[in-house]
Amino acid sequence: MLWGGRFEEEPDKNLLEFSSSLNDDIRLIKEEIQCGKVYAEMLCEIGIITSTELITITDALYRIEAEYDSNEWKPDPREFEDIHSAIESRLYELTGSEAGKLRAGRSRNDQVVTSLRMWCKKSAGQIKGLLNNLQLSFIQTAEKHIETIIPGYTHMQQAQPVSLAHHILAYVEMFERDKVRLSLVIKESDNLPLGSGAISGSTLPLDSNFLKERLDFKSLCNNSMDAVSDRDFVIDFLNCCSIGMMHLSRLCEELIIWSTAEWKFIKIGDSFTTGSSLMPQKKNPDVAELIRGKSARVFSNYQSVITLMKGLPLSYNRDMQEDKPPLFNSYSIYSESLKLMEGMFDTIEFDNTYLLSIMKKSTILATDAADWLVLKGIPFREAHDIIGKLVVYCIKNEKGLQDLTIKELKKINPIFDESVIEIFNLENSLNRKKTPGSPNPIFVREQIAKWKSALS
Ligand code: ARG
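Going by our numbering, the sequence shown opens with residue 216, and the numbers climb by one from there.
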């Protein structure tokens, strides 16, 4: 027990189990042990412990790590409040009084937030790596589909043709923004709170800069009260997970729709789908559904921590221990989802001929026809109206724009001539796009080249 001295009675038997965070913060063991080693070195540098004591403490910390890795030592949440007290207790068993020396100037309040910042930096970096892999795999697929034309939708209604590559690259953009947000979390987490003690620093001559260098932090936290009670970086991390999962969930929604018998855009590989116990014909996109479903929990984890923090006065309050389960949970869901998405996406087959055929009888090139009139000097308002009439004609006669003969076109409006026929050619439609960021294969190729050099 780290705080027995002032107490005359033992804690209630239910208190420890209720209050222990060990099951969760055991995940910080590596960070915690590393901090312990560096802190001991610093205490030796400033003469609070001798170099012999430093060796004893360091050896014991290595041993605890090894014991934990080999399952020899498994601290029990019914015995310890958290990872900090568990390590301290084992250290005491191994070294005796030296263990107590490591506590000089340190509080669990600055310890927990130091380890948590280190964990956030590491984990945000890992997720960035997973996003990078996903982007590379999407770009590989996009490169094969620069000329594959699919309908682009607004309001879930066919709007204008785009290429499959263009559609896929939209997600690559989202993943890039997800990485930028994670980089901000890494930057934000990069201030060292150790040395802030419980609330207001220490009267011991602790060398914070030594700790900062050795623990690889960019700067020190400026205010000890803020340092022990700031969890903004946790909320920002959770926000990254939420927005990232929202992106994956939107993609999953598309893949689910695209794999239906009604749409038939894609086939997801057997290894990433499941069957039905009753209906032998079924092949279900469970992975996509589960990513979409699990995003709900990730959103609620964000909500949970921002609500947890909103009523807390300065500085540390025990409530803050509840930050870890949502943080670790969101991290696990998000990183697993990214891995599964990459695996699943690689198994997807697209049927190019079918994709083109679904637009054969459509009026998806209506805007292109209106633009053609604008280039002939017709105000867009009028052009919109003229093509609108053409669309009504197509619907009534069950025809696509490309099925209209020049005779029919002229009958509807004498302004049409032979050159409009080319406008209704789907295969060529993307090449006519002039604006950067559009699905013109020239721009798409440029984008792919840009991504390849940026990501490799
Ligand atoms: N387990 C706590 C947390 O995760 C850290 C310990 C601080 N406890 C205390 N009684 N000051 O936030």
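All residues carry an ideal CB built from backbone N, CA and C; glycine is no exception. Nothing here was measured: the structure is a model prediction, and the numbers come from that model.
Alpha carbon of residue i to alpha carbon of residue j, nearest angstrom
| i | j | result |
| --- | --- | --- |
| S439 | K394 | 30 Å |
| K252 | E246 | 10 Å |
| I270 | E313 | 10 Å |
| A301 | K554 | 33 Å |
| D632 | N612 | 21 Å |
| A669 | A385 | 16 Å |
| H370 | F543 | 36 Å |
| D586 | M461 | 35 Å |
| W334 | G344 | 15 Å |
| Q536 | V328 | 10 Å |
| V606 | E637 | 17 Å |
| A503 | S474 | 11 Å |
| L624 | I663 | 39 Å |
| L426 | P420 | 13 Å |
| W478 | G490 | 19 Å |
| V520 | F233 | 19 Å |
| E268 | Y283 | 22 Å |
| L397 | E225 | 44 Å |
| C609 | K497 | 37 Å |
| R305 | E294 | 12 Å |
| F452 | I458 | 10 Å |
| G220 | D227 | 16 Å |
| E661 | L379 | 15 Å |
| T200 | Q249 | For residue 200 there is no data in the structure shown, the boundaries of the chain being 216 and 671. |
| L409 | D291 | 26 Å |
| K336 | D405 | 7 Å |
| K539 | G262 | 35 Å |
| S352 | D561 | 7 Å |
| F639 | Q341 | 48 Å |
| E388 | G315 | 52 Å |
| R596 | F390 | 38 Å |
Residue interval of the alpha helix (DSSP H) (run including residue i)
| i | result |
| --- | --- |
| G367 | First-last for G367: 364-369, but that is the beta strand (DSSP E), not the alpha helix (DSSP H). |
| A380 | 379-403 |
| E623 | 621-627 |
| I610 | 595-611 |
| F233 | 228-234 |
| P656 | 656-670 |
| S338 | 323-359 |
| S285 | From DSSP, S285 is part of no alpha helix (DSSP H); its letter is neither H nor E. |
| G459 | 447-473 |
| T582 | 581-590 |
| L237 | 237-240 |
| E428 | 423-429 |
DSSP state of residue i mapped onto helix, strand, coil
| i | result |
| --- | --- |
| F222 | coil |
| T310 | helix |
| Q375 | strand |
| F639 | coil |
| T489 | strand |
| L435 | strand |
| I264 | coil |
| K648 | coil |
| L529 | coil |
| I248 | helix |
| A476 | coil |
| R293 | coil |
| D618 | helix |
| P420 | coil |
| L317 | coil |
| K554 | helix |
| I414 | coil |
| D534 | helix |
| M440 | helix |
| I521 | helix |
| T271 | helix |
DSSP beta-bridge partners of residue i
| i | result |
| --- | --- |
| L407 | L435 |
| K482 | E564 |
| N499 | T489 |
Problem set entry | Segment contact, 8 Å Cβ cut-off, at least three pairs: the stretch 498-515 with the stretch 292-312 | no
Exercise. Okay, do the stretch 497-513 and the stretch 454-470 touch, 3+ Cβ pairs below 8 Å being the bar?
Worked result: yes
For this session: Indicate whether the contact test is met: 3 or more Cβ pairs, each with one atom in the stretch 639-652 and one in the stretch 353-369, closer than 8 Å.
Result: yes
For this session: Could you tell me whether the stretch 521-530 touches the stretch 434-449, where touching means 3 or more Cβ pairs closer than 8 Å?
Result: yes
For this session: Take every Cβ of the stretch 554-565, pair it with every Cβ of the stretch 577-584, and state whether three or more of those distances are shorter than 8 Å.
Result: no
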